[in-house]
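S.K.:
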Amino acid sequence: MWTCPKCKRVFNNKNQSHYCIKPTTIDEYILQQDPIYQEKLFQLRDLLKEALPEAEERISWSMPTYWKGTNLIHFACSKTHLGLYPGEEAVEHFQKELENYSTSKGTIRLSWKEDLPTKLIIKIAKWCSKHNPIYFIDIKKRMIENFICRLFNLSINNCL
Ligand SMILES: [Zn+2]
Numbered sequence: 001m002w003t004c005p006k007c008k009r010v011f012n013n014k015n016q017s018h019y020c021i022k023p024t025t026i027d028e029y030i031l032q033q034d035p036i037y038q039e040k041l042f043q044l045r046d047l048l049k050e051a052l053p054e055a056e057e058r059i060s061w062s063m064p065t066y067w068k069g070t071n072l073i074h075f076a077c078s079k080t081h082l083g084l085y086p087g088e089e090a091v092e093h094f095q096k097e098l099e100n101y102s103t104s105k106g107t108i109r110l111s112w113k114e115d116l117p118t119k120l121i122i123k124i125a126k127w128c129s130k131h132n133p134i135y136f137i138d139i140k141k142r143m144i145e146n147f148i149c150r151l152f153n154l155s156i157n158n159c160l
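At position 51 of the sequence shown (counting the first as 1) the number is 51 in the numbering used here, and the numbers step up by one without a gap.
1) What does DSSP give as the partner residue(s) for TYR66 in the beta ladder?
2) Could you say which of SER129, LYS126, ILE122, LYS105 lies nearest to GLN43 if we only look at CA atoms?
3) In angstroms, rounded to a whole number, what distance separates the CA positions of GLU57 and ILE148?
4) Between the Cα of LYS14 and those of PRO23, MET1, ASN71, spot the shortest distance and give me the residue it belongs to.
5) So, at 6 angstroms on beta carbons, what are the nonlocal neighbours of HIS74 in its own chain, with the 5 sequence-adjacent residues on each side left out?
6) Using the Cα positions of ASN109 and LEU98, report the straight-line distance between them to the nearest angstrom.
7) From GLU50 to THR118, what distance separates their C-alpha atoms?
8) By how many angstroms is the C-alpha of LYS8 removed from the C-alpha of CYS20?
9) When burial is assigned at 16 or more other CB atoms within 10 Å of the CB, is CYS4 buried or exposed?
10) Please classify TRP127 as buried or exposed, where buried requires at least 16 neighbouring CB atoms within 10 angstroms.
11) Anything with a beta carbon under 6 angstroms from a heavy atom of ligand 1 counts; list them all in chain order.
12) For the beta strand (DSSP E) holding LEU44, just list the boundary residues, first then last.
13) For ASP11, which residues from the same chain have a beta carbon less than 6 angstroms from its beta carbon, with the 5 sequence-adjacent residues on both sides left out?
14) I need the straight-line Cα distance from PHE94 to TYR101, nearest angstrom please.
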């Protein structure tokens, strides 16, 4: 075990290369990675942004995260692979389409050597958004609000 004298983080390997400042945005996260990985990381980020336009970008569990009331999907850079974390159910749901990829519970490991499966990534991200439990709560809330509006004869424009 080794403790970095600057940031006090503890690592298994002595002099483990890392960044002492914790990233607070996805941009910062990507720019802190080895430049050889950055192009693909930015490409993945653009894909997720396209698939999840309403989601908020944040860092959660030390990973770039797309959030809408709850964490929808994360990704992370590692030397051996680009990790995509859509959750266990999503990985199960897309099992067949993912058969040529290395997966485990909630994790998809994308190779740095191959092109990103752009269509599949967008599909998975959209699936995560639709299966977001918060999304259903949102719809229910809106239905109740609309009902109350109609009850009091308010214009629908004032309601939404
Ligand atoms: Zn440090």
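In this text, a Cβ means the ideal position worked out from N, Cα and C, and glycines have one as well. Every value quoted in this text rests on a predicted model; they were computed, and no experiment measured them.
M.R.: Reading from the atomic positions:
1) The residue you call residue 66 lines up with position 66 of the sequence shown. Note: TYR66 sits in a beta bridge opposite GLU57, ILE73.
2) The residue given as residue 43 occupies position 43 in the sequence shown. Measuring from the Cα of GLN43, the nearest candidate turns out to be ILE122.
3) What you label residue 57 is simply residue 57 of the sequence shown in a count that begins at 1. What you label residue 148 is simply residue 148 of the sequence shown in a count that begins at 1. Inter-residue distance for GLU57 and ILE148 is about 33 angstroms (C-alpha atoms, whole angstroms).
4) Position 14 of the sequence shown, counted from the first residue, corresponds to residue 14. The shortest C-alpha separation from LYS14 is found at MET1.
5) Within the sequence shown, numbered from 1, the residue matching residue 74 stands at position 74. If we look at HIS74 and ignore the five residues flanking it on each side, its Cβ neighbours are MET63, THR65, TYR85.
6) As a working note, residue 109 is residue 109 in the sequence shown. As a working note, residue 98 is residue 98 in the sequence shown. It is worth fixing the name first, because residue 109 is Arg in this sequence and not Asn. Approximately 10 angstroms, taken between the alpha carbons.
7) As a working mapping, residue 50 is identified with position 50 in the sequence shown. As a working mapping, residue 118 is identified with position 118 in the sequence shown. Between GLU50 and THR118, the C-alpha separation is close to 11 angstroms.
8) The residue you call residue 20 lines up with position 20 of the sequence shown. The residue you call residue 8 lines up with position 8 of the sequence shown. Looking at the two C-alpha atoms, the distance is approximately 9 angstroms.
9) Here residue 4 refers to the residue found at position 4 when the sequence shown is read from its first residue. Counting Cβ neighbours within 10 Å, CYS4 comes out exposed, since fewer than 16 surround it.
10) On the sequence shown, residue 127 is found 127 positions in, with the first residue counted as 1. Counting Cβ neighbours within 10 Å, TRP127 comes out buried, since at least 16 surround it.
11) Here the list is CYS4, LYS6, CYS7, ARG9, HIS18, CYS20.
12) Counting from 1 along the sequence shown, the entry for residue 44 is found at position 44. Careful: LEU44 lies outside any beta strand (DSSP E), inside the alpha helix (DSSP H) at 35 to 51.
13) The residue you call residue 11 lines up with position 11 of the sequence shown. Sequence inspection shows Phe at residue 11; the Asp mentioned does not correspond to that position. Counting only Cβ-Cβ distances below 6 angstroms, and skipping sequence neighbours, we find TRP2.
14) Residue numbering aside, residue 94 sits at position 94 when the sequence shown is read from its first letter. Residue numbering aside, residue 101 sits at position 101 when the sequence shown is read from its first letter. Linking PHE94 to TYR101 through their CA atoms gives a straight-line distance of about 11 angstroms.
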